[in-house]
Amino acid sequence: MANRLVCLCNFVDEKEIRLVLKKGAESTADIQRFTRAGTSCGRCLPEIDELVLNHKKNKPEDQQRKLELGQ
Ligand code: FES
Numbered sequence: 027m028a029n030r031l032v033c034l035c036n037f038v039d040e041k042e043i044r045l046v047l048k049k050g051a052e053s054t055a056d057i058q059r060f061t062r063a064g065t066s067c068g069r070c071l072p073e074i075d076e077l078v079l080n081h082k083k084n085k086p087e088d089q090q091r092k093l094e095l096g097q
């Protein structure tokens with residue numbers, strides 16, 4: 027998967043946002059606090075919302091897979 031720049035104002039890419047989500051961020055506000063993405067013009071906020079939603083949707087499966095793999 028290509029790494030895209032999500033927040034042009036603050037130079038925050040998708041990889042950094044996914045990392046913060048993996049470390050426990052649970053909302054767009056958390057992403058803003060930890061990366062500063064979405065804290066300037068706000069044009070990237072819908073994309074950040076989508077990344078957060080997708081992470082939440084996929085989270086139970088990831089946890090289930092880790093349980094199955096004994097991680
Ligand atoms: S593009 Fe993210 S705050 Fe402007």
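Just add 26 to the spot in the sequence shown (first one is 1) and you have the numbering used here.
Glycine included, C-beta positions come from ideal geometry on N, C-alpha and C.
Fair warning: this is a prediction, and the values are worked out from it, not measured in the lab.
Terminal residues of the continuous alpha helix (DSSP H) containing residue i?
i: LEU47; result: 40 to 48
i: ALA55; result: 54 to 61
Assign residue i to buried or exposed, taking buried as 16 or more other Cβ atoms, counted over all protein chains shown, within 10 Å of its Cβ.
i: GLY64; result: buried
i: LEU47; result: buried
i: ALA51; result: buried
For residue i, which option in the options has the closest C-alpha, if you only look at C-alpha atoms?
i: ARG30; options: SER53, LYS85 and LEU77; result: LEU77
i: ASN36; options: ASN80, PHE60 and LEU45; result: PHE60
i: VAL38; options: ILE74, LEU79, GLU52 and HIS81; result: ILE74
i: ASN84; options: ARG44, LEU34 and ALA28; result: ARG44
In terms of residue numbering, what span does the beta strand (DSSP E) encompassing residue i cover?
i: CYS33; result: 31 to 33
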